[in-house]
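Working notes for the structure below.
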Amino acid sequence: MSARKQTAAEERIVNELDAILPGEIDRRKFLNGAIGTMGAIMLAGCTGGGNGDDGGSGSPEDTEAIFTTPWKIEPSWGHAHVAEGLGYWEAAGVPNLNAQKGNGSDTESQNIGVGNTPMGIASLTTAVNFLPGSEDTDQLNMTMMALARGRPLLSLIWNKDVMSDRTDLEGRTVLLSSGFASASWPVYPQIAGVDASNISTQSATEAVSPAKLASGEVQAVWGSIDLLPDYQAQVDAELGVAPLTAFGPFYGFPLWVNDQWFENKENNVEFMAQVITGYFKAVKWGLLNQSEYLDYLKNEVNTNLQTWTEEELVGQARVNAAQAIRPEMKDEGLGYFTTEGMQFTLESAGPALTDSELRPASELTDTRAFEASEKVTFSDDEWSTLQENAGDTWTLFEEAESEG
252 MSARKQTAAE ERIVNELDAI LPGEIDRRKF LNGAIGTMGA IMLAGCTGGG
302 NGDDGGSGSP EDTEAIFTTP WKIEPSWGHA HVAEGLGYWE AAGVPNLNAQ
352 KGNGSDTESQ NIGVGNTPMG IASLTTAVNF LPGSEDTDQL NMTMMALARG
402 RPLLSLIWNK DVMSDRTDLE GRTVLLSSGF ASASWPVYPQ IAGVDASNIS
452 TQSATEAVSP AKLASGEVQA VWGSIDLLPD YQAQVDAELG VAPLTAFGPF
502 YGFPLWVNDQ WFENKENNVE FMAQVITGYF KAVKWGLLNQ SEYLDYLKNE
552 VNTNLQTWTE EELVGQARVN AAQAIRPEMK DEGLGYFTTE GMQFTLESAG
602 PALTDSELRP ASELTDTRAF EASEKVTFSD DEWSTLQENA GDTWTLFEEA
652 ESEG
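Numbering of the sequence shown is given in the working numbering, commencing with residue 252 and proceeding in unit increments.
Next up, the structure:
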């Protein structure tokens, strides 16, 4: 039995103990003492555990699986935890789906692609870097089932007192604000039509990036647009912002499944349709009910968020609202994508990120589960609320994409 299956079995048992043990008793100590050498698996069998996260036989309702997000439990990536914690997945027919925080899109794309986790979200531009494999990494075998977030995080953010426009990079130093940014940086010079050899780069963490831009140590940052409020708060100058989508309809963060897991999964299309339905209903609730969403995350899911200021929480939630939705999703439904849109991103980002030939979009996408899911659309009033919740970031994307 895998460690992950045993951990999941223990979690089920602890939940059941909650219903019968007094509050002062440590459930895990009780569990460890009670089962002794029998092991968690025997007790899990007695209490009716699921079939494990490798699919196997059984109905979707009995299947346990992990759904990984690209990053920590923050407003940008809290929707999967809402889907689990507020019962959206359970209502859709997949009650045993567990949201799991990630450690960056580069790591999570590889985890999904090699089968460490069966499904989850990872940036398309970062995944492209790893899809073919290399001497250090295995080839990734995964397929896009929906577009979990419509737009990518990546943007060039620059000091307008120093740079005249988004291409004024010769002799400049650009800060690459994360591993995600470092892996994807070659895309920008290519699509912007500038000579990368005349641009210096530094690597740093997102935590120190605003200070480096504010001090003038770097003149621009390539990184996540959800940190824009931090840059605006620290830099005493007008900032220019060029999101990746200013250069065309780049896709953001697909919902991927591992190919082997999906092929071996009974009722695979039905199961993923239910996953998609529950996830996007949770996303819609969070986008339209911003205050309630943030309160739930910081009070019920990740109490570390209570150390954030209200401005930090709302700022990230606003960027998330603008990124999550492409205009066509209003009527077509959250998660909507096309093979043509996927192909554009592959052709635009692929040559800058890998020398290997990528599989065509037709082999990297599967629309069946999305088509079978319950579409999560927006009324005109809901669309207005979404725009209001997204604030200035919505306008930023609209203007940048119209100019591109």
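Glycine is no exception: its CB is placed at the ideal position from the N, C-alpha and C atoms.
Could you check which residue in Pro321, Thr418 and Ser374 has the C-alpha nearest to that of Phe501? Ser374
Neighbourhood of Val520 by C-beta, 7 Å cutoff - its chain only, sequence neighbours within 5 removed: In the same chain as Val520, and ignoring 5 residues on each side of it, the C-beta atoms closer than 7 Å to its own belong to Arg619, Ala620 and Ala623, in chain order.
Leaving aside the five residues before and after Trp340 along the sequence, list all residues of the same chain whose C-beta is less than 6 Å from its C-beta, in chain order. Ala334, Leu348 and Gly529
Exposure label - Arg400; buried when at least 16 CB within 10 Å: buried
Pair every Cβ in the stretch 643-653 with every Cβ in the stretch 566-581, then say whether three or more of these pairs are closer than 8 Å. As far as the Cβ criterion goes, the stretch 643-653 touches the stretch 566-581, which means the pair count is three or higher.
Looking only at its own chain, which residues have a Cβ that is under 8 Å from the Cβ of Asn550, when we skip the five neighbours before and after it? Gln557
Relative to the C-alpha of Trp409, which residue among Gly366, Thr424, Leu539 and Leu548 is closest? The candidate whose alpha carbon is nearest that of Trp409 is Thr424.
Please list the terminal residues of the continuous alpha helix (DSSP H) segment that includes Ile324. That residue, Ile324, is in no alpha helix (DSSP H); it is neither H nor E in DSSP.
Close Cβ partners of Lys432 (< 6 Å) along its chain, the five nearest in sequence each way excluded: For the record, residue 432 in the displayed sequence is Ala; it is not Lys. So the list reads Trp473 and Gly474, once near-sequence residues are dropped.
Please report the residue range of the alpha helix (DSSP H) in which Val508 lies. Counting along the chain, Val508 falls outside any alpha helix (DSSP H), though it belongs to the beta strand (DSSP E) covering Phe504 to Asn509.
Alpha helix (DSSP H) segment containing Met414, residue limits: No residue range can be given for Met414, since it is assigned to no alpha helix (DSSP H) and is classified by DSSP as neither H nor E.
Delimiting residues of the alpha helix (DSSP H) encompassing Thr377: Leu375 to Phe381
Nonlocal neighbours in the same chain, by C-beta distance under 6 Å from Pro321, ignoring five residues either side: Gly353, Ser356, Glu359, Ile372 and Ala373
What whole-angstrom Cβ distance do Phe588 and Ala397 have, given they're in contact under 8 Å? 7 Å
Could you tell me whether the Cβ atoms of Leu478 and Val445 are closer together than 7 Å? no
What separation, rounded to the nearest whole angstrom, lies between the Cα atoms of Ser327 and Leu545? 10 Å
Leu539 versus Pro505 - alpha carbon distance: If you take the alpha carbons of Leu539 and Pro505, they lie about 21 Å apart.
Determine the direct distance from the alpha carbon of Thr376 to that of Ala524, and round the result to whole angstroms. 25 Å
Tell me, please, which residues DSSP counts as bridged to Gly474. Ser406
Is Val627 near Gly584, with beta carbons less than 7 Å apart? yes
Measuring CB atoms only, is the stretch 455-462 touching the stretch 377-391, in the sense that at least three cross pairs come out at less than 8 Å? Because the criterion of three Cβ pairs below 8 Å is not met, the stretch 455-462 and the stretch 377-391 do not touch.
Do the CB positions of Thr351 and Thr319 come within less than 7 Å of each other? Residue identity check: residue 351 is Gln in the sequence provided, not Thr. Contact: yes.
Let's test the definition: count the other Cβ atoms within 10 Å of the Cβ of Gly296 and tell me whether it reaches 16, buried, or not, exposed. For Gly296, the pLDDT reaches just 32, beneath the cut-off of 50, and the residue's location in the model is therefore unreliable, although a value from the coordinates is still provided. With fewer than 16 other Cβ atoms within 10 Å, it is exposed.
How many angstroms separate the CA atom of Asp416 from the CA atom of Gly491? 7 Å
Mark Lys411 as exposed unless 16 or more other C-beta atoms lie within 10 angstroms of its C-beta, in which case mark it buried. The residue is exposed, with fewer than 16 neighbouring Cβ atoms inside 10 Å.
Compare the beta carbon distance of Ala612 and Thr590 with 7 Å and say whether it is the shorter of the two. yes
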